Structures are given as structure tokens and as C-alpha cells.
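Chains as they are written, first to last, in the working numbering: chain A, 1 to 69; chain B, 1001 to 1354. In what follows, a structure is listed as C-alpha cells, so that the remarks can point back to it.
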């Protein structure tokens, strides 16, 4: 599975990294972020690209699991 | 569905911010300047005697409120997070040039929208430049431009900028003789302290909750075809436009506009610099103040850079002059700013490719 590590990145960069990762239309991908704006923006982008979102929190990090609809 | 809700929230926050700006202009702030980050940071620089332009000196409580509003709401929501270390010095310089561009044009992106809603067509020229600057920044982002990662910082570091705002507020209320205040000109026109502070707090809270950004809306539309953030900008514009139309305050044209000039090339290039530097920073001047309130010390240093830029703009005769235009030193400064941004982006893109 493609894992995008966007920790420490401010928007719009986490979304740009997500965009790159989704360009090959993978079945699944995970994006790790550590700020709320990034979580919201990555979720919104992935949703618009046709991915379902599952967010889990772990130790100050947020893992956004993306599954193609 | 969630996306639609977000758009409604942003449009509503934009409407609230627009109403605040309209009300502030009615209650004493200069015309088409109910709320302007660049103008108010410049007035604060003047009030702190960092420059001697006697017409633009006032400790604007709107700015203090903006940072504190974002600080308080982010604390309540558990979103206050001290962080920094993503190229602080480069951000300070970018903040400096954001201000040089904005003061050549005579307004930050927020005031550009407010001026547009008042019928000031010079702001349309500014908007064209702003969009050109954002497009250039988007090109850089797509090529890999980045200022690097931020890191966690101590609570004391994160609280420093909000604490400075409280100190400034105490000085304004208890020791005003320490500060300089304009006797005439835009700096002398202001709403009551409590009103300005309350408006700043409200706008700060609304902008923090919605991540409102004047540059971000256009940037996201270009980068991802996502218009969500732009709804905030549209909400501000439409609300002020409607309020201006109802109260007969729209005067469509280029000449005779309040605190504005018709030096078209430099209105365009000034806002181009502000748009480009804003995208390279990750947000417009208002967004930088909000992030500073949330504990982002990179943004706090950007705000310091803005303060220095405002001081330089008036100490070295770089700022646009209302009714006239941008002096030659200011034109050189705008070009230098654009050159700096492009050079920095090229270096960073090269770094990213290694």
C-alpha cells in the first residue's frame, strides 16, 4: 500500500503529496498528517477523487486510510 | 454532503467578517478599510515608532483581537499546537515582501476584496495581479517548492506571540503615552477600542474555525479544482457589496477612491508580489495572524517580518501614495521582492529534486 508521510507539512503540501499518490488510482493508500487543517484538506480532496475515508488517531498523529469507492 | 456544509460554513463566516468590516468603517475606521491586515500592521508599526509617517500611527485592536481570537478558540477546541522551525528566516523575509507589495497597492488581499465591493476598480487591477502571483506560486508548488517541515515547540514558544498581543493591549489601555497616535489621516480614524477588539476577536475566531484564507481559495481552485476556501472570499465580497449598495456607498470607478491610487502597473505588480509570497508562505496575511494565534511560531515570525516590511515601506518611501502612485523606490522594492521570491523558489525546487 502507498503510504504518504505528510507529518510536519503545512497545507497545501499534504494535499499535493496525496494528489501525487492518487494519480496512479491505487485501491488503497494511507496519508499520515499531524495537523487538523491537513486532515480536513486531505480528506476533502480524497473524497472528491472518489475515495472513502477512515481516520484513526495515534500518538498525536492522524492516519487517513483511503479506499477507492 | 460534508463538502457542501463546509462551503456553507465558509460563506457564513465570510458574511460575518464582511459585516464586521462594514460596521467598523461605519463606526470610525477609514472608508473601504473596515478591516485591513496590511494597513493595520502598518499603523501598529507607526504607533510603536518603528516608522515616522504621522498619518498612519495607531495601535489597532483589530490585529490584537485577531491573534487572541484565534488563540482562545484554538485552545478551547484543542487545536492550539506550538510548532515551528520550517525556514523561519526565509518566512520572515517573505512576510517583509508581502507587506512591500500590499503597501504599494495600499491594502492586503482582504482590503482588496473590500475595495472591490466598494466599486474601486483599481482593486480589480490588483486582483488580476494577485491571481497572477498565486498562479506563479502554484506553478512552483507543482514543481516541488517547499519551505520544509515544522517541528513541535514548547508551550512557552507557542504562547509568545499571543502574549505579546496582551502586552500591546495593556500598553494601549493603561500606558497610551508610550505610543504614537496620528492626529490626522487614516491612522486617526478608528472605532472605539472595545468595538475594534470585539470585532477582531470575532473575526479571529471565525477565521480560525474555517481556515479562511484570501490566497488559499484561489490557490486550491488552481491546484485541485477545489473552490471550498473561495466561498469565504465570496461571502466577504457579496456581504459588503450588498451592505454598500443598500447604504448607497458604492462608487464605481478608478479615480477618487478612498486611500487608493491608479498606478495600474504597480497595483498589478504589488499584488502579484503579495499573492506569490502568500502562496510561498502557505497563506495570506490574515491567515498568518491566525496561525500565529494557534501556536505556529513560523507564522509569528512572518508577522514580525510584516511589521518590519511596513516600517521599511514608510522609512524608505516605498509605499503607494493615495491619489498619486508608487514612488520609484517602491517600484524597485516590488521588483526586488519578485526577484527574491523567484530566486528562492528556484533554489528550493532544485533542492527538492536532489
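Where is the CB? At the ideal position from N, CA and C, for every residue including glycine. Computed from a prediction, not measured in an experiment: that's the story for all the values here.
ask   = Quick one, are the C-beta atoms of residue 1232/B and residue 1150/B less than 8 Å apart?
value = No, they are not a contact pair.
inquiry  = I'd like to know if the stretch 1044 to 1058 of chain B and the stretch 1258 to 1270 of chain B are in contact, where contact means that at least 3 CB-CB pairs between them fall below 8 Å.
reply    = no
inquiry  = Please return the same chain residues whose Cβ sits closer than 6 Å to the Cβ of residue 1251/B, not counting the five positions on each side in sequence.
reply    = So the qualifying residues of the chain are 1119.
query = Given a threshold of 16 other Cβ atoms within 10 Å of its Cβ, counted over all protein chains shown, does residue 1329/B qualify as buried or as exposed?
reply = exposed
message = So residue 1149/B contacts chain A; which residues on that side make the cut at Cβ distance below 8 Å?
response = 7, 8, 9
inquiry  = Assuming residue 1231/B is part of the beta strand (DSSP E), what are its boundary residues?
reply    = Run containing residue 1231/B: none in the beta strand (DSSP E); it sits in the alpha helix (DSSP H), 1230 to 1246.
key: Three-state class that DSSP yields for residue 1058/B in the structure shown   = coil
inquiry  = Spatial neighbours of residue 1143/B within its chain, please: C-beta separation below 7 Å, excluding the five flanking residues on both sides.
reply    = Correct list, in chain order: 1349.
inquiry  = I want to know whether the stretch 1160 to 1174 of chain B touches the stretch 1241 to 1255 of chain B - three or more CB-CB distances under 8 Å.
reply    = no
message = For the structure I just gave you, are there three or more beta carbon pairs, one from the stretch 1309 to 1323 of chain B and one from the stretch 1257 to 1264 of chain B, closer than 8 Å?
response = yes
Under 8 Å (Cβ pairs) to chain B, residues found in the stretch 12 to 24 of chain A = Correct list: 12, 13, 15, 16, 19.
request  = Could you list which residues in chain A have their beta carbon closer than 8 Å to that of residue 1141/B, in chain order?
outcome  = 12, 13, 16
key: Reduced DSSP secondary structure (H/G/I, E/B, other) of residue 35/A   = In the structure shown, residue 35/A sits in coil (DSSP, three-state: anything other than H, G, I, E or B).
message = Run through chain A and tell me which residues come within less than 7 Å of residue 1146/B, C-beta to C-beta.
response = 13
query = residue 45/A versus chain B: which residues are under 8 Å apart at the beta carbon?
reply = 1224, 1226
ask   = Terminal residues of the continuous beta strand (DSSP E) containing residue 58/A?
value = Per DSSP, residue 58/A belongs to the beta strand (DSSP E) from 51 to 58.
ask   = Mind pulling the chain B residues with CB within less than 8 Å of residue 35/A?
value = 1081, 1083
ask   = Do you know how far the Cα of residue 43/A is from the Cα of residue 68/A?
value = 13 Å
ask   = Is the shortest distance between the beta-carbon of residue 1211/B and the beta-carbons of chain A less than 8 Å?
value = yes
key: When 1338/B, 1223/B, 1110/B, 1189/B are compared against residue 1289/B, the one with the closest alpha-carbon   = 1110/B
ask   = Looking at residue 1016/B and residue 1292/B, is the spacing between their C-beta atoms short of 8 Å?
value = no
request  = Please confirm if residue 1009/B has its CB atom under 8 Å from at least one CB of chain A.
outcome  = no
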